[in-house]
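K.L.:
In the UniProt record's numbering, the protein residues as written are 1 to 416.
1. Taking the alpha-carbon of residue 48 as reference, which of 323, 75, 36 has the nearest alpha-carbon?
2. Starting from residue 56, follow the beta strand (DSSP E) in both directions and report where the run begins and ends.
3. Assuming residue 244 is part of the beta strand (DSSP E), what are its boundary residues?
4. Starting from residue 90, follow the beta strand (DSSP E) in both directions and report where the run begins and ends.
5. So, do the region 171-181 and the region 256-268 have three or more beta carbon pairs nearer to each other than 8 Å?
6. For a test of the three-state rule: what should DSSP assign to residue 147, helix, strand or coil?
7. Would you mind giving the Cβ-Cβ distance between residue 280 and residue 249, rounded to the nearest angstrom? I have them listed as a contact below 8 Å.
8. Whole angstroms are fine: how far does the CA of residue 341 sit from the CA of residue 391?
9. Spell out the partners DSSP gives residue 304 in its beta bridges.
10. Under 9 Å, do residue 73 and residue 57 count as touching if we go by C-beta distance?
11. Per DSSP, which one or two residues make a beta bridge with residue 407?
12. How about residue 110 and residue 102: do their beta carbons lie closer than 9 Å?
13. Drop a sphere of 10 angstroms on the beta-carbon of residue 108, count the other beta-carbons inside from all chains shown, and report buried for 16 or more, exposed for fewer.
14. The beta strand (DSSP E) with residue 75 in it runs from where to where?
15. Here's a check: name, in chain order, each residue in its chain whose Cβ is nearer than 8 Å to the Cβ of residue 371, leaving out the five neighbours to either side.
16. Going by beta-carbon coordinates alone, are residue 200 and residue 354 separated by less than 9 Å?
17. Applying the criterion that 16 or more other CB atoms from any shown protein chain within 10 Å of the CB defines a buried residue, is residue 416 buried or exposed?
18. In angstroms with no decimal places, state the Cα-to-Cα distance between residue 188 and residue 132.
19. Measure the alpha-carbon distance for residue 240 versus residue 269 and round it to whole angstroms.
20. When you compare the CB positions of residue 41 and residue 8, do they come within less than 9 Å of one another, or not?
21. According to DSSP, what are the bridge partners of residue 279?
22. Express the C-alpha separation of residue 119 and residue 130 in angstroms, rounding to a whole number.
23. Is the beta carbon of residue 50 sitting closer than 9 Å to the one on residue 38?
24. Give a yes or no on contact between the region 134-148 and the region 180-196, applying the rule of three or more CB pairs nearer than 8 Å.
25. Can the beta-carbon of residue 364 be found closer than 9 Å to that of residue 357?
26. Alpha carbon to alpha carbon, how far is residue 400 from residue 17?
Here it is, written out as structure tokens:
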């Protein structure tokens, strides 16, 4: 098959969970003999080492990442509101449709619709079927995370009415949010398949888009890469005490500052924290995190690392900490840590919290409460046997080969 992967952003500019899932699936499809290509957006093109080309649109970037051909559309070629809604650039959609036909793609796998409304419309216009994977909540929620502007958990958009009531930002009004909901419903309805990575996500989408069916296919992990990381982890000089690891982007939603404040409440306990993740977005938040880390010699900010080094960091730890401030749709690093035999403290919000409660492979903690996190970490320090009990309960997650097998079947059924 000739498969086009479509998502909002990609390597080398971004390396979050959705980007890693897309790369894993593209690599697996390529290994299976399929022709693959990634189409995404370059948010800041000057920072990407790639030469501009004129196809499919002027000034887009063409590169190869880990053997995968990639085309990046510059952000300024997209509608101004593409980070919030699904507005279309007709000219761009036409050029992309012509390119999709010229490249003879047989099916598309859409992993995120932010910024890519014109690309999805192009697929529809040229008759290119697509499978849609719901890696987060952008379709029902302009804020992405199902948390309102009032910091309240949201059950769903209610056809756009709740968005207007609790999250309105000028010039958006109730009519705007209603149109956004209608566009989202149309994108979902036109998909050959709608796939959620967890029951948590599937339940939220079923409640938000009544009448549309959703399947659940969990994200898979690379057990071979994890096994290779075991050697690198074994060579590291062990830190004293309880070894904690945080893995995630340094943004408010991931909650690193909450974890650092929790450690400050345990000043005399023997522990260490390695925080792995790139700094994105809010400079004021970055300053807060750096100040909290600088005040605690037990904390090491490792920054963004390649996947192999992230795996090694997991292997070197006793306990993963994921203090998410918003509902997580899946958390790839959580299942990777489980495969590495590392239990986790996670926020009660979203799929990781549900997973921990179901399996017993850790503890779910109130996400925003630094004292609750300090209490949970203190409990592990006082009762180290908990780590062994949690490890024994860890399930073995799905492998990327299994995930790829399911998607191969779905894409074959959908292709033109």
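Glycine included, C-beta positions come from ideal geometry on N, C-alpha and C. Predicted model, so just to flag it, every value in this text is computed and none were measured.
P.N.:
According to the structure data:
1. 75
2. Taken as a continuous stretch (DSSP letters only), residue 56 belongs to no beta strand (DSSP E), as it is neither H nor E.
3. 242-247
4. Note, residue 90: premise wrong, no beta strand (DSSP E); alpha helix (DSSP H) at 90-102.
5. no
6. strand
7. 5 Å
8. 6 Å
9. Its beta-bridge partners do not exist; DSSP assigns none.
10. yes
11. In the DSSP output, where bridge partners are listed per residue, residue 407 has none listed.
12. no
13. buried
14. It is not in any beta strand (DSSP E) - residue 75 carries neither H nor E in the DSSP assignment.
15. 262, 265
16. yes
17. exposed
18. 7 Å
19. 11 Å
20. yes
21. 250
22. 11 Å
23. no
24. yes
25. yes
26. 14 Å
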